[in-house]
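Going by my numbering, 184 is the number at position 184 of the sequence shown; the sequence numbering is gapless. One structure is given below, encoded as structure tokens.
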Amino acid sequence: MNVKKIVEKMTLKEKLQQLTQLNAGFLDKNAGTEATGPLSSMGLTSQDLNGIGSVLNFQGPDNVKAIQRQHLEDDTNKIPMLFMMDVIHGCRTIYPVPIGLSASFDPQLVKDCCAMAAKEAAAEGINVTFAPMADLVRDARWGRVMESTGEDPYLNCLYSRAAVEGFQGDLKKGKVAACVKHYAAYGAAEAGRDYNTVDMSERTLREYYLPAYKAAVDAGVEMVMTSFNVLDGVPAAANKKLVDGILRKEWKFGGVVISDYNSFREMITHGVAENEHDAACLAVNAGNDIEMMSATYIGHIESLIKEGKVSLKQIDKAVERVLKLKKKMGMFSDPYLDADKALADSLDCCKEHRDLARKAAEKCAVLLKNDGVLPFSTEVKKVAVIGPFANTGEILGNWRCYGKHEQTVTVLAGVKNLLGGAEVVYAEGVSGELTASDESGIAAAVKAAKGADAVILTLGEPQGDSGEGNSKLDLELPAVQYKLLDEVLKANKNTAVLLFSGRPLAIKRLSETAPAILEVWQPGTEGGSAAANLLFGKAVPSGKLTMSFPAKTGQCPVYYNHYNTGRPRMNDDVRVAYTSSYIDGPNKPLYPFGYGLSYTAFGYSDLKLSSSVLQSGGTVTASVKVKNKGSVAGEETVQLYIRDLFGSAVRPVKELKGFKKVMLAAGEEKEVSFEINEDMLAFYGPDLVKKAEKGDFKVFIGGDSECADSVSFRLV
Ligand code: BGC
Numbered sequence: 001m002n003v004k005k006i007v008e009k010m011t012l013k014e015k016l017q018q019l020t021q022l023n024a025g026f027l028d029k030n031a032g033t034e035a036t037g038p039l040s041s042m043g044l045t046s047q048d049l050n051g052i053g054s055v056l057n058f059q060g061p062d063n064v065k066a067i068q069r070q071h072l073e074d075d076t077n078k079i080p081m082l083f084m085m086d087v088i089h090g091c092r093t094i095y096p097v098p099i100g101l102s103a104s105f106d107p108q109l110v111k112d113c114c115a116m117a118a119k120e121a122a123a124e125g126i127n128v129t130f131a132p133m134a135d136l137v138r139d140a141r142w143g144r145v146m147e148s149t150g151e152d153p154y155l156n157c158l159y160s161r162a163a164v165e166g167f168q169g170d171l172k173k174g175k176v177a178a179c180v181k182h183y184a185a186y187g188a189a190e191a192g193r194d195y196n197t198v199d200m201s202e203r204t205l206r207e208y209y210l211p212a213y214k215a216a217v218d219a220g221v222e223m224v225m226t227s228f229n230v231l232d233g234v235p236a237a238a239n240k241k242l243v244d245g246i247l248r249k250e251w252k253f254g255g256v257v258i259s260d261y262n263s264f265r266e267m268i269t270h271g272v273a274e275n276e277h278d279a280a281c282l283a284v285n286a287g288n289d290i291e292m293m294s295a296t297y298i299g300h301i302e303s304l305i306k307e308g309k310v311s312l313k314q315i316d317k318a319v320e321r322v323l324k325l326k327k328k329m330g331m332f333s334d335p336y337l338d339a340d341k342a343l344a345d346s347l348d349c350c351k352e353h354r355d356l357a358r359k360a361a362e363k364c365a366v367l368l369k370n371d372g373v374l375p376f377s378t379e380v381k382k383v384a385v386i387g388p389f390a391n392t393g394e395i396l397g398n399w400r401c402y403g404k405h406e407q408t409v410t411v412l413a414g415v416k417n418l419l420g421g422a423e424v425v426y427a428e429g430v431s432g433e434l435t436a437s438d439e440s441g442i443a444a445a446v447k448a449a450k451g452a453d454a455v456i457l458t459l460g461e462p463q464g465d466s467g468e469g470n471s472k473l474d475l476e477l478p479a480v481q482y483k484l485l486d487e488v489l490k491a492n493k494n495t496a497v498l499l500f501s502g503r504p505l506a507i508k509r510l511s512e513t514a515p516a517i518l519e520v521w522q523p524g525t526e527g528g529s530a531a532a533n534l535l536f537g538k539a540v541p542s543g544k545l546t547m548s549f550p551a552k553t554g555q556c557p558v559y560y561n562h563y564n565t566g567r568p569r570m571n572d573d574v575r576v577a578y579t580s581s582y583i584d585g586p587n588k589p590l591y592p593f594g595y596g597l598s599y600t601a602f603g604y605s606d607l608k609l610s611s612s613v614l615q616s617g618g619t620v621t622a623s624v625k626v627k628n629k630g631s632v633a634g635e636e637t638v639q640l641y642i643r644d645l646f647g648s649a650v651r652p653v654k655e656l657k658g659f660k661k662v663m664l665a666a667g668e669e670k671e672v673s674f675e676i677n678e679d680m681l682a683f684y685g686p687d688l689v690k691k692a693e694k695g696d697f698k699v700f701i702g703g704d705s706e707c708a709d710s711v712s713f714r715l716v
């Protein structure tokens with residue numbers, strides 16, 4: 001089967017259809033979408049549907065098979081369609097939202113989870129997932145931080161690679177092609193407002209924002225999605241320098257580039273294209289292949305070719321790339337691939353997948369505070385489970401694909417399952433809605449809390465309040481949740497807060513009042529079992545934040561690897577005029593990047609380097625002793641940070657350069673070491689060349705990004 005030969009035989013119209021992606025609903029010719037408007041509003045007729053190249057948003061393997069079967073009857077060239085879907089954190093079995101999962105500091109776990117999702121997705125008839133999202137994020141007001149792996153470029157690269165490997169593997173049975181998104185720098189939307197402008201220097205773009213997309217490309221990702229945002233004044237989908245220049249020419253990406261939903265037409269709203277004709281011209285010339293949910297190609301490429309603004313060769317190349325992917329996936333020999341209802345049903349929340357989802361939820365929970373209430377004893381006689389997220393399956397998170405709330409283990413069920421005989425009482429107290437104000441349920445919650453041996457209070461934000469289009473002005477908890485907290489605490493001090501969120505929240509007041517806070521994110525299908533295991537000490541928290549939790553929303557964007565400024569604030573507690581600071585609060589986040597407690601405590605000592613000189617091309621070894629000072633076994637993520645003291649461009653106050661997870665029995669001590677080489681010190685200078693510069697470096701090793709002990713070496 002020769003892809004070029006197929007392309008030679010296709011008419012221009014067929015080629016453009018091949019480059020168009022529509023929602024499954026549009027493909028049903030009997031649905032009357034032409035007459036009722038949706039099709040014609042896109043400038044499409046039902047005839048255009050015959051050769052459509054790919055489809056998104058469909059319902060299960062039977063639906064996929066039916067659409068594909070019909071398509072193969074209608075399409076002159078008999079080219080199977082690709083089925084694409086947002087499989088972001090699980091398909092039917094849902095694991096924690098990516099910002100949560102990333103707190104595991106465990107790329108292998110991410111790979112395993114993505115492999116599990118791929119297996120379920122393939123059985124659903126999904127061929128491509130619109131994941132991973134490799135957008136670096138610094139502003140928790142942006143709802144889509146939920147889909148990201150946080151603020152650190154090094155960690156983002158590891159995760160982006162792991163996700164691609166997990167989803168794609170050898171691209172054979174039980175695998176799906178991955179589509180890294182949103183290229184590029186979508187995570188830097190101004191003021192955290194979705195779809196908003198991004199403007200940054202090319203140096204910052206290359207140093208922080210591009211590496212995780214590049215890591216996916218280097219890992220062999222099959223597709224890249226261009227983003228909604230403007231970058232340097234040009235929408236990403238129209239940005240030739242970004243797509244044709246950096247992605248295709250510099251990184252040698254030979255796969256398929258797809259637009260985001262309707263983003264070609266949005267060029268008109270952005271104001272770079274006067275009409276669809278111009279938009280199509282910009283899109284093709286920038287280097288996009290597939291157009292998602294608009295039809296500017298079908299409507300306008302023919303005339304653009306006649307005008308000499310687009311060449312047929314460009315279109316042929318784009319079609320070839322799409323067909324090559326179909327061929328690589330084996331679709332020409334079997335257009336249905338793994339789509340199989342019985343298989344999908346057998347994998348659906350099966351034991352193996354539930355076990356992995358539970359492990360993931362346990363590994364990513366972050367213990368933010370513990371005054372000694374946790375873990376609760378399993379000997380308790382009476383437990384109260386309170387709050388808006390206690391007795392609901394709606395803790396899967398946004399972008400939950402086919403995940404079902406009724407298959408989710410609630411916190412209440414998880415606690416009951418774990419404790420068996422104990423009395424477990426429940427009261428909702430207040431609603432979790434952002435606008436909730438009704439306090440009438442608080443009395444029942446207080447009654448439940450009184451006399452209980454342990455109180456689990458679930459607070460946070462509903463799953464629908466993070467994700468696309470869910471930017472927030474205020475990251476604090478709603479007042480009504482604080483009212484519930486205050487009243488419950490008056491009734492019972494033995495209370496631990498289980499915090500649900502798809503983003504860092506600004507929970508200063510909570511941190512000052514709650515005896516214990518365990519951040520469980522939106523934990524997925526096994527969220528309740530994982531929470532119960534953690535609360536009652538069957539599992540020990542080990543998650544570490546990959547995004548700073550602001551002390552106040554007004555600090556956003558707040559991130560650990562910031563620059564020093566010429567007038568750094570030396571002390572957050574005092575007000576010093578003319579320093580880079582706020583007069584009404586701290587600079588430092590409430591909980592920094594890398595932070596997370598355990599039920600035990602870890603001590604660091606003997607930080608040292610094998611040499612105080614690093615010869616260019618050589619290595620030095622940094623080591624530290626880590627001791628479990630408590631009485632239970634626990635896992636610590638030992639983090640290596642480096643600061644380059646002087647550079648031709650300003651260097652961050654700290655940068656994560658490595659980490660190791662160590663399991664330590666009570667009282668046990670281990671030496672942990674890291675090799676440092678010149679490559680790890682490289683950065684983009686003002687000339688946009690990446691290299692290490694000679695000079696002095698500080699090395700820090702500790703349990704979070706605020707670790708202070710350091711040793712120094714000189715690169716010569
Ligand atoms: C989102 C993408 C997503 C696409 C398809 C868009 O609105 O920005 O992340 O993949 O829809 O669902």
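Don't be surprised by glycine CBs; every beta carbon is placed ideally from N, CA and C.
Q: Could you say if the stretch 519–539 and the stretch 479–494 meet the contact criterion of at least three C-beta pairs nearer than 8 angstroms?
A: no
Q.
Please state the DSSP three-state secondary structure of T129.
A. strand
(Q) If you reduce the DSSP assignment to three classes, tell me which class E8 lands in. (A) helix
Q. In terms of alpha-carbon separation, which member of L505, A449, V230 lies closest to S471?
A. L505
Q. Residues bridged to T226 by DSSP?
A. Y183
Q. Within 7 angstroms: the Cβ of L56 and any heavy atom of ligand 1?
A. yes
(Q) Taking the alpha helix (DSSP H) that A682 belongs to, which residues open and close that run? (A) Counting along the chain, A682 falls outside any alpha helix (DSSP H), and DSSP gives it neither H nor E.
**Q.** Option in K627, L656, A633 with minimal Cα separation from Q639
**A.** L656
Q) Just to confirm, does E291 get its C-beta within under 7 angstroms of one of the non-hydrogen atoms of ligand 3? A) With respect to small molecules bound, the structure shown includes ligand 1 and not ligand 3.
Q) Taking the Cβ atom as the reference point for each residue, do F652 and Y595 lie within a distance shorter than 8 angstroms? A) Looking at the sequence shown, residue 652 is not Phe but Pro. No, Cβ-Cβ distance for P652 and Y595 is not below 8 angstroms.
Q. Can you list, in chain order, the stretches of the beta strand (DSSP E) that have 3 or more residues and sit fully within the stretch 67–124?
A. 82–85
Q.
According to DSSP, simplified to helix, strand and coil, what is K698?
A. strand
Q: Taking only heavy atoms of ligand 1 into account, decide whether any of them is closer than 7 angstroms to the Cβ of Y261.
A: yes
Q.
Can you tell me whether N63 is helix, strand or coil according to DSSP?
A. helix
**Q.** Three-state secondary structure assigned by DSSP to E383
**A.** Note that residue 383 corresponds to Val in the displayed sequence, not to Glu. It is a strand residue.
Q.
By the DSSP assignment, the beta strand (DSSP E) with Q21 in it spans what residues?
A. 20–23
(Q) According to DSSP, simplified to helix, strand and coil, what is S598? (A) coil
Q: Check each candidate in D696, G372, M329, T513 and name the one with the smallest Cα separation from I79.
A: M329
**Q.** Cβ pair Q314, V272 closer than 8 angstroms
**A.** no
Q | Same chain, Cβ closer than 6 angstroms to M547, five either side skipped, listed in chain order | A | G150, E151, P504
Q) Under the rule that 16 or more other beta-carbon atoms within 10 Å means buried, what is D474, buried or exposed? A) exposed
Q. Around the Cβ of N571, are there at least 16 other Cβ atoms within 10 angstroms (buried) or fewer (exposed)?
A. exposed
Q.
Within 10 Å of its beta-carbon, does V257 have 16 or more other beta-carbons around it, so buried, or fewer, so exposed?
A. buried
Q: State the beta-bridge partners of T621 as determined by DSSP.
A: E675
Q | Coil, strand or helix - N370 by DSSP | A | strand
Q) Does ligand 1 have even one heavy atom less than 7 angstroms from the beta-carbon of D152? A) no
Q) Given 8 angstroms as the limit, is there contact between the stretch 9–18 and the stretch 291–305, that is, 3 or more CB pairs closer than that? A) yes
Q: Go to A212, then tell me how far its alpha helix (DSSP H) extends in each direction, as first and last residue.
A: 211–218
Q. Exposed or buried, G397, counting other C-beta atoms within 10 Å across all chains shown (16 or more means buried)?
A. buried
Q | Three-state secondary structure (DSSP) of R141 | A | coil
**Q.** First through last residue of the alpha helix (DSSP H) which encompasses A339
**A.** Careful: A339 lies outside any alpha helix (DSSP H) and carries neither H nor E.
**Q.** Between the CA atoms of P375 and S598 - distance to the nearest angstrom
**A.** 10 angstroms
Q. For E678 versus A339, is the C-beta spacing smaller than 8 angstroms?
A. no
Q. Can the beta-carbon of C723 be found closer than 8 angstroms to that of C91?
A. Residue 723 lies beyond the stretch modelled for the chain, which goes from 1 to 716, so this question has no answer here.
Q: Could you tell me which uninterrupted alpha helix (DSSP H) segments, each at least 4 residues in length, are contained entirely in the stretch 284–308, listed from first to last along the chain?
A: 296–306
Q: Can you give me the start and stop residues for the alpha helix (DSSP H) that R193 sits inside?
A: Note, R193: premise wrong, no alpha helix (DSSP H); not H, not E.
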